[in-house]
Structure formats: C-alpha cells, structure tokens
Amino acid sequence: MVAATRELPASGYGLEVDGRLKAEFATRDGARAGGEELKRRFPMLQIRIYDAQTHAREEI
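Numbering (my numbering), first residue to last: 6 to 65.
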C-alpha cells in the first residue's frame, strides 16, 4: 500500500519532516514552534518550514 502524497499548501505555512509535508499552520510562528518542538524531541529529523506565499523553505 502506498501512502497518499499531500500537496503543498496554497496559503500559510507547511511543516516538512524528512521531505514530506506533515502539518499546516496559519502563521510562521506556529510552524516554527511546532518544528522546534519536533527537532528538540527528535534531533535526527530534517525539518523545514515551507512558506506558501514565497515558495521558499527554511531549515530548522
């Protein structure tokens, strides 16, 4: 069975974990807080914040 791929958000911010979109947030601060919490608990993960407006990714 293959997992469905999630599309990038059209607005707001997305949280990418190891290259896969896992959550969406309305604000950058919310996405950063969620990403930092995951990184603190699981430091081996590659976590990025995706900005839908600029189509840019920021590494945490």
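Virtual Cβ for every residue (Gly too), placed ideally from N, Cα, C.
DSSP three-state assignment for residue i, whether helix, strand or coil
i: G39; result: helix
i: R53; result: strand
i: R25; result: strand
Cβ-Cβ separation, residue j to residue i (assumed contact under 8 Å), whole Å
i: Y18; j: A36; result: 4 Å
i: E42; j: R53; result: Not really, about 15 Å apart at Cβ, beyond 8 Å.
First through last residue of the beta strand (DSSP E) which encompasses residue i
i: E63; result: 61 to 64
Nearest residue (CA-CA) to residue i, options the options
i: P14; options: G24, A31, D23; result: A31
i: R25; options: E12, S16, M49; result: E12
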